[in-house]
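A quick write-up on the structure given underneath.
There are 2 protein chains.
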Amino acid sequence: MMEEVAGAFGSSASFALRLGQTVFSSASLLFMCFGVDFYSYTAFCYLVTVMGLVIPWSVTLLVVDAYSVFIKDLQIQQRIVMIIFLGDMVLSYLSLAAACSTASVADLLLEAGGSLCPARLCGRYQMSAAMAFLSWFLSSASCLFNFWLFSSL
Amino acid sequence: MMEEVAGAFGSSASFALRLGQTVFSSASLLFMCFGVDFYSYTAFCYLVTVMGLVIPWSVTLLVVDAYSVFIKDLQIQQRIVMIIFLGDMVLSYLSLAAACSTASVADLLLEAGGSLCPARLCGRYQMSAAMAFLSWFLSSASCLFNFWLFSSL
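Below is the structure:
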């Protein structure tokens, strides 16, 4: 029906991108959640909320891409590509915002030092922010590829 | 030579977008700079740096758009549109990152209260972050329109 855009919805590159997003966003959530009192800082609560949105979105599209790659090619419709593009765009902006907020608060706590941020906890905050950045990067790549596909339909 | 994309390079909507970017990024820089010791926080230094990149970029493209709208239509080349798209993309991500960092640090300082953040200063930090958000919004709109133009060339 149409030429395939590498990395856009339904291709195997897209499957890889979604897999990466799932892994990195889950890692970010886990680093932030376990053994950390994240609810005492707004920025960390925001990161947890955003990751709670990104993970189901990535997993859903991972499953759809897996179906399309391994079982049966899906018909690509313009409306669906637009929805996926918009979702990706919103979620990539949200995850960049969450990553930056977390990173800057972690940096401020690290400078303040002392009881606010023992080395063990601050390392976790930073890892969580790093994972959120990686997740953002893959998510914005997906967004661009889908936009390319959408504008070529 | 080709149909014009509203909001993309060389159109009058683009001129308006660039004007808004220039105004908001300058406002963000001014709120942060005057009478505030921004150099004591990494996030605020980062905002100042990013706005120092966004302002010349917006002003340059504002002038080019003004020339194209009021004086003489410019020939649109694919390579130039791609450069503008890439620049917009990078700068919009940077300004979103700066806005989020500033907002989260300002929020943390506001919670900490007391001598760290007198009401006058904190209000300025928040205004600066708000202006940076507006600048990001216009910048990402420009980026999308230019990408649309690029993919239709």
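Chains as they are written, first to last, in the numbering used here: chain A, 3 to 155; chain B, 3 to 155.
Here a beta-carbon is modelled for each residue, glycine too, at the ideal position from N, C-alpha and C.
Everything numeric in this text was worked out from a predicted model, so none of it was measured.
Check whether the segment 86 to 96 of chain A touches the segment 53 to 63 of chain A, taking contact to mean three or more Cβ pairs, one atom from each stretch, closer than 8 Å.
-> Segments in contact, yes.
By a C-beta neighbour count over all protein chains shown, 10 Å radius and 16 as the cutoff for buried, is residue 20/A buried or exposed?
-> A buried status is given to residue 20/A, since no fewer than 16 other beta-carbon atoms sit within 10 Å of its beta-carbon.
Tell me which same chain residues have a C-beta within less than 6 Å of the C-beta of residue 129/B, skipping the five on either side of it?
-> A distance below 6 Å between beta-carbons, with the five flanking residues on each side excluded, links residue 129/B to the following residues of its chain, in chain order: 33.
Would you say residue 23/A touches the ligand ATP, meaning its beta carbon is less than 6 Å from a heavy atom?
-> This structure lacks the ligand ATP, and indeed carries no ligand of any kind.
Does residue 44/A get closer than 7 Å to chain B when you measure Cβ to Cβ?
-> Yes, residue 44/A counts as interfacial toward chain B.
Tell me where the alpha helix (DSSP H) around residue 95/A begins and ends.
-> In the DSSP annotation of this structure, the continuous segment of the alpha helix (DSSP H) that includes residue 95/A starts and ends at 80 to 114.
Looking at the structure shown, is residue 39/B part of a helix, part of a strand, or coil, going by DSSP?
-> Coil.
Rounded C-alpha distance that separates residue 51/B from residue 44/B | If I take the Cα positions, the gap works out to 11 Å.
Please say whether residue 66/B and residue 148/B have beta carbons closer to each other than 7 Å?
-> In this structure, residue 66/B does not lie closer than 7 Å to residue 148/B by Cβ.
At a Cβ cut of 9 Å, what residues of the segment 83 to 95 of chain A count as close to chain B, listed as they run along the chain?
-> Within the segment 83 to 95 of chain A, the qualifying residues are 91 and 95.
Buried or exposed: which applies to residue 2/A, given that a residue is buried once 16 or more other Cβ atoms fall within 10 Å of its Cβ?
-> What the structure shows of chain A is the stretch from 3 to 155, and residue 2/A is not part of that stretch, so it cannot be assessed.
When DSSP labels each residue in this structure, what does residue 124/B get in the three-state scheme?
-> Three-state DSSP puts residue 124/B in a helix.
Within 7 Å (strictly less), CB to CB, does residue 106/A reach chain B?
-> The beta-carbon of residue 106/A is placed less than 7 Å from the nearest beta-carbon of chain B.
Would a check of beta-carbon distances place residue 64/A closer than 7 Å to chain B?
-> With 7 Å as the cut-off, residue 64/A does not count as an interface residue toward chain B.
Just tell me which of 11/B, 86/B and 27/B has its CA closest to the CA of residue 97/B.
-> Per the Cα distances, 27/B.
Could you name the residues of chain B that residue 132/A contacts, counting a contact when the two beta carbons are closer than 9 Å?
-> Residues of chain B passing the Cβ test: none, with the nearest at roughly 14 Å.
Round the Cβ separation of residue 46/A and residue 104/A to the nearest angstrom and send it over; I've been treating them as touching at under 8 Å.
-> Contact between residue 46/A and residue 104/A holds: CB atoms are separated by about 6 Å, below the 8 Å threshold.
Coarse secondary structure for residue 10/B, derived from DSSP in three states = If DSSP states are grouped into helix, strand and coil, residue 10/B belongs with coil.
Per-residue burial, residue 154/A [other beta carbons within 10 Å of its own, 16 or more giving buried] = Label assigned to residue 154/A: exposed.
What are the boundary residues of the alpha helix (DSSP H) that residue 67/B is part of?
-> Residues 44 to 68.
Classification of residue 106/B by the beta-carbon crowding that lies within 10 angstroms, buried from 16 upward = So residue 106/B ends up on the buried side.
If we cut at 7 Å on Cβ distances, does residue 155/A have a partner in chain B?
-> When Cβ-Cβ separations below 7 Å define contact, residue 155/A makes no contact with chain B.
Spatial neighbours of residue 101/B within its chain, please: CB distance less than 7 Å, with the 5 preceding and 5 following residues excluded, ordered by chain position.
-> Shown here for residue 101/B: same chain residues with a beta carbon closer than 7 Å to its own, the five before and five after excluded, namely 131, 134, 135 and 138 in chain order.
Proximal residues to residue 140/B (C-beta, below 6 Å), its chain only, five neighbours per side dropped | Excluding its 5 nearest sequence neighbours in each direction, residue 140/B has C-beta neighbours in its own chain below 6 Å: 19, 22 and 23, listed in chain order.
Would DSSP call residue 145/A helix, strand or coil?
-> Secondary structure at residue 145/A: helix, using DSSP grouped into helix, strand and coil.
With 8 Å as the limit, tell me which residues of the segment 7 to 31 of chain B have their beta carbon closer than that to any beta carbon of chain A; keep them in chain order.
-> Here the close residues number zero.
Within chain A, the residues that residue 59/B reaches when beta carbons sit closer than 7 Å = Those within 7 Å of residue 59/B in chain A number zero; the least Cβ separation is about 19 Å.
Check whether residue 70/A and residue 76/A have beta carbons under 7 Å apart = In contact: residue 70/A and residue 76/A (Cβ atoms closer than 7 Å).
Short CB-CB distance (under 7 Å) between residue 143/A and chain B = With 7 Å as the cut-off, residue 143/A does not count as an interface residue toward chain B.
C-alpha gap between residue 39/A and residue 85/A, whole angstroms = One C-alpha to the other measures close to 36 Å.
Under a three-way DSSP split, which group does residue 76/A fall into?
-> Of the three classes helix, strand and coil, the one that applies to residue 76/A here is coil, per DSSP.
Cα-Cα, which of 151/A, 126/A and 123/A is closest to residue 81/A?
-> The residue with the shortest Cα to Cα distance from residue 81/A is 151/A.
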